[in-house]
Amino acid sequence: MPAKDNVNIAPPEGKLGVLIPGMGAVTSTFVAGVEAVKAGWALPIGSLTQMGTIRLGKRTEGRSPKIKDFVPLAEPQDLVIGGWDIFEDNAYEAALKAGVLDRAHVERLKEPLSAIKPMKAVFDHDYVRRLDGPHVKQGGSKMDKARMLMDDIEQFRKSTGASRLVMIWCGSTEVHHEPTEVHQTIENFERGLEKNDPNIAPSQIYAYAALKMGIPHANGAPNLTTDVPALVELARRNQVPICGKDFKTGQTLMKTIVAPGLKARMLGLTGWYSTNILGNRDGEVLDDPASFRTKEVTKLSVLEYILQPELYPELYKDFYHVVRINYYPPRGDAKEGWDNIDIFGWMGYPMQIKINFLCRDSILAAPLVLDLVLFLDLAQRAGMKGIQEWLSFYFKAPMTAPGLYPEHDIFIQLMKLKNTLRWMRGEDLITHLGLEYYD
Ligand SMILES: NC(=O)c1ccc[n+]([C@@H]2O[C@H](COP(=O)([O-])OP(=O)(O)OC[C@H]3O[C@@H](n4cnc5c(N)ncnc54)[C@H](O)[C@@H]3O)[C@@H](O)[C@H]2O)c1
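Numbering (the numbering used here), first residue to last: 299 to 737.
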């Protein structure tokens with residue numbers, strides 16, 4: 299007998315509009331990939347929604363459909379994409395400048411990429427000190443700017459005929475700032491918008507516009523953005539799913555793959571030194587210590603949460619953890635990361651692991667954008683609201699409900715994600731418990 303859904307999931311009818319503040323390397327790579335997939339000459343590699351399967355029932359049942367056949371997701375063909383940037387470059391020009399993709403690939407996609415032209419951005423130089431651009435909205439209060447964004451969104455909806463929308467922040471990393479009074483309640487936040495409170499960052503103005511209009515929001519950067527009580531409350535009040543922060547790619551992806559394995563085998567850690575070089579615009583922005591601080595906070599917390607030194611003091615108390623990012627223009631988007639991991643085993647004997655990851659940042663990030671857009675749209679059609687912890691799988695610093703600690707172990711995150719999908723569709727959750735030993 300087919301399982302009965304635990305929730306009503308509206309079908310994904312019509313087009314899904316994707317609204318992206320920040321049309322740089324990640325966005326142009328994402329758009330190019332979606333177009334290449336639509337045209338049938340590239341595979342969506344790295345995308346769980348497109349390539350992943352999900353095991354259902356007992357192993358003997360042999361049921362492992364693709365995730366996209368198991369839950370009703372929008373198709374890449376249904377996506378229409380728009381965005382904002384402080385530069386006027388369309389997605390074709392942005393892709394050429396970013397230098398992630400071969401010129402031949404970009405040329406092949408010139409037509410669809412050139413059609414995506416950014417709208418004028420809401421920007422504040424104090425939040426991204428290494429950049430300045432001409433394509434920005436002028437005048438008025440922060441509330442006026444939020445209204446202008448809502449007008450942009452309405453225009454986009456009309457011109458594309460999108461029936462549903464999702465916003466995903468792929469803009470530069472803003473400087474580190476802590477939540478203040480203005481972030482505590484919706485009322486404070488709205489008053490702050492009217493009064494131009496300096497503590498409200500541009501990414502929060504975009505997020506506010508989205509949440510006011512009932513549009514799900516994901517945050518691909520480590521900025522605070524929706525991770526403040528006022529915007530979490532607004533999301534819940536308006537029945538909107540949100541998630542963040544900071545795409546889990548590159549070195550942190552490796553860290554959350556390796557660290558759970560060391561802990562599983564009860565191997566100790568004395569130090570983990572991570573350093574990177576990258577030369578894209580993101581690297582330039584992160585060269586500003588205030589923007590790097592935002593990144594550092596999200597990158598450093600990962601190991602503490604995975605290794606749980608409070609539970610395993612003999613193994614993980616006081617390990618030394620350093621993360622560095624150095625801007626090195628010759629490398630462009632082809633980031634190189636080195637990890638030196640000092641571990642110890644039986645009788646305390648020391649060992650070392652070296653990881654040298656020559657990754658491509660935006661190649662790793664683009665499939666995450668696709669998955670997040672499709673899953674947030676699914677969540678909204680399934681009536682889910684507020685922070686979507688089951689999407690922690692995609693983030694370096696997963697947003698969590700107050701009082702809970704974030705789960706960083708990528709394998710636990712994947713289990714949670716798949717069990718959420720099983721639960722939605724009324725299938726048994728998989729615990730990997732084998733009771734056959736007692737038969
Ligand atoms: N693997 C990855 O590439 C990766 C991983 C994790 C997080 N991120 C984050 O994703 C974001 C995008 O990365 P990227 O490599 O594409 O960077 P990028 O510098 O190529 O693109 C960012 C774009 O955002 C624009 N921008 C800045 N402020 C804006 C604003 N207020 N409104 C609209 N546009 C604005 C910039 O002009 C730029 O074009 C960064 O914050 C980065 O830290 C990237």
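For each residue, glycine too, the CB sits at the ideal point set by N, CA and C.
Cross-strand partners of residue i (DSSP beta bridge)
i: R462; result: L314
i: W467; result: N517
i: I641; result: L567 and M649
i: K364; result: T351
i: Y618; result: G569
i: G635; result: N574 and F655
i: F545; result: F693
i: P319; result: W382
i: G684; result: P539
i: V434; result: A419
i: L377; result: L314
Residue environment, residue i, which counts as buried when at least 16 other CB atoms sit within 10 Å
i: I651; result: exposed
i: D424; result: exposed
i: E333; result: buried
i: I343; result: exposed
i: N306; result: exposed
i: W382; result: buried
i: G518; result: buried
i: N494; result: exposed
i: S725; result: Looking at the sequence provided, one finds Glu at residue 725 rather than Ser. Per the 10 Å Cβ criterion, buried.
i: W688; result: buried
i: Y625; result: buried
i: A677; result: buried
i: P520; result: buried
i: A301; result: exposed
i: P432; result: exposed
i: G559; result: exposed
i: D631; result: buried
Residue i - DSSP class collapsed to helix/strand/coil
i: I307; result: coil
i: S572; result: strand
i: L522; result: coil
i: K415; result: coil
i: L689; result: helix
i: R428; result: coil
i: Y626; result: coil
i: V583; result: helix
i: H423; result: coil
i: P558; result: helix
i: L341; result: coil
i: N536; result: coil
i: L509; result: helix
i: L490; result: The question names Leu, yet the displayed sequence has Gly at residue 490. Residue state, collapsed to three classes: helix.
i: V398; result: coil
i: N717; result: helix
i: S439; result: coil
i: R591; result: helix
i: G701; result: coil
i: D387; result: coil
i: I498; result: coil
i: E476; result: coil
i: E608; result: coil
Distance between residue j and residue i (C-alpha atoms, nearest Å)
i: K313; j: D376; result: 5 Å
i: I352; j: S470; result: 34 Å
i: A533; j: L491; result: 17 Å
i: G643; j: I604; result: 18 Å
i: T325; j: W721; result: 32 Å
i: R406; j: L463; result: 28 Å
i: K435; j: P363; result: 47 Å
i: E582; j: P319; result: 18 Å
i: M697; j: L394; result: 33 Å
i: F421; j: P587; result: 19 Å
i: H474; j: Q502; result: 13 Å
i: K633; j: K694; result: 17 Å
i: K366; j: S345; result: 11 Å
i: D675; j: Y647; result: 50 Å
i: G315; j: A460; result: 5 Å
i: C657; j: R629; result: 11 Å
i: E612; j: R563; result: 14 Å
Any non-hydrogen atom of ligand 3 closer than 7 Å to residue i Cβ
i: S470; result: Of the ligands this structure carries, namely ligand 1, none is ligand 3.
Proximity test, Cβ basis, 8 Å: residue i and chain D
i: G518; result: Chain labels in this structure do not include chain D; a single protein chain is all it has.
**OP:** Decide yes or no for the touch test of the segment 451-460 against the segment 395-407: beta carbon pairs closer than 8 Å, at least 3 of them.
**Re:** no
Original post:
Okay, do the segment 552-567 and the segment 367-381 touch, 3+ Cβ pairs below 8 Å being the bar?
Top reply: no
Subject >> contact_flag[the segment 630-642, the segment 569-577] where n(CB pairs < 8 Å) is 3 or more >> reply: yes
**OP:** Check whether the segment 711-723 touches the segment 612-626, taking contact to mean three or more Cβ pairs, one atom from each stretch, closer than 8 Å.
**Re:** no
Subject >> Touch test, the segment 692-710 against the segment 543-550, Cβ-Cβ under 8 Å, three pairs minimum >> reply: yes
**OP:** Flag this pair as touching only if the segment 384-398 and the segment 322-339 have three or more C-beta atom pairs under 8 Å; answer yes or no.
**Re:** yes
Subject >> the segment 504-511 in contact with the segment 522-537 per 3-pair CB rule at 8 Å >> reply: yes
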